[in-house]
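Sequential numbering from 0 applies to the sequence shown in numbering that gives the first Met the number 0. C-beta atoms are modelled at their ideal positions from N, C-alpha and C, and glycine is treated no differently. The structure under discussion appears below in the form of structure tokens.
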Amino acid sequence: MPALPALKGVFFITGTDTEVGKTWVSCRLLERAREAGLSCYGLKPVAAGCEDTEEGLRNEDAVNLMAASSVQLPYDVVNPVALKAAIAPHIAAQQEGRRITLAQLAGYVRGAISSHPADLILVEGAGGWRVPLNDREMLAGLAVELSLPVIQVVGMKLGCINHAILTAEAIQADGLRYTGTVANCFGDMDVREENLLTLRQHLPGAFTVI
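Here's what the structure looks like:
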């Protein structure tokens with residue numbers, strides 16, 4: 000696996016879709032930061048698909064981020080909005096009689112960052128870029144509200160070129176800095192190298208293959 004960069008700063012992690020490896024990549028970035036002697040942690044502001052435990056609802060992605068972090072935070076700081084059903088967050092919230100807003104999520108993230116400064120902080124989204132939070136707001140608005148540079152995780156599978164380019168265009172159209180791409184090569188893919196070359200040619204910023 001090529002070495003991932005030891006990043007510094009606060010970044011928003013998005014993906015071309017759900018199940019493309021956002022959390023896996025985030026954990027590798029956090030581990031790389033730890034190896035470089037940097038303080039770091041990940042946040043999962045909203046997570047759908049949580050299990051009941053003795054401590055309350057827990058999401059596997061959030062737990063994995065905590066395990067990869069050097070700064071240990073309480074679970075409810077890492078994942079302040081935990082939803083039980085593994086479905087779109089706005090629908091899961093509706094089923095629980097809850098409403099998620101950008102103002103709430105931005106407040107949670109700002110609070111975590113101000114109370115727990117670190118060399119690297121990753122704010123991981125849910126699903127892809129255009130995921131609704133409610134009937135008016137998208138989760139992408141969190142990155143906009145916080146003016147965070149964005150790293151895109153591309154799951155290397157059929158259709159990824161279209162998804163990746165459209166996502167990059169949407170990120171830039173929202174006025175954010177597209178920092179780079181991590182191409183996550185899970186499973187087998189026909190003409191993978193040709194697909195990677197195409198993505199390198201069309202996506203802005205740094206490009207890493209893992």
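With H, G and I counted as helix, E and B as strand and the rest as coil, what does DSSP make of residue 139? DSSP, reduced to helix, strand and coil, places residue 139 within a helical segment of the structure shown.
Considering only their Cβ atoms, is the gap separating residue 17 from residue 126 smaller than 8 angstroms? Annotated as proximal: residue 126 and residue 17, with beta-carbon spacing under 8 angstroms.
Using the C-alpha atoms, what's the distance from residue 122 back to residue 95? A straight line joining the alpha-carbon of residue 95 with that of residue 122 spans about 24 angstroms.
Taking CB distances under 8 angstroms as the criterion, tell me whether residue 37 reaches chain D. No chain D appears in the structure shown, which is made up of a single protein chain.
Using the three-state DSSP reduction, which class does residue 165 fall into: helix, strand or coil? The three-state reading of DSSP puts residue 165 in helix, counting H, G and I together.
Euclidean distance between Cα positions of residue 128 and residue 118: 25 angstroms
In whole angstroms, what separates the C-alpha of residue 91 from that of residue 167? 27 angstroms
Using CA coordinates, which residue listed in 97, 93, 26 and 155 is at the minimum distance from residue 65? 26
Contact between the stretch 32-40 and the stretch 140-156 (3+ Cβ pairs under 8 angstroms): no
Can you give the Cα-Cα distance for residue 136 and residue 174, rounded to whole angstroms? If I take the Cα positions, the gap works out to 16 angstroms.
My guess is that residue 3 and residue 207 are in contact by the Cβ rule of under 8 angstroms, so how many angstroms apart are they, rounded? 6 angstroms
Is the Cβ-Cβ distance between residue 73 and residue 44 less than 8 angstroms? no
Does residue 201 pass the burial test, meaning 16 or more other C-beta atoms within 10 Å, or should it be called exposed? exposed
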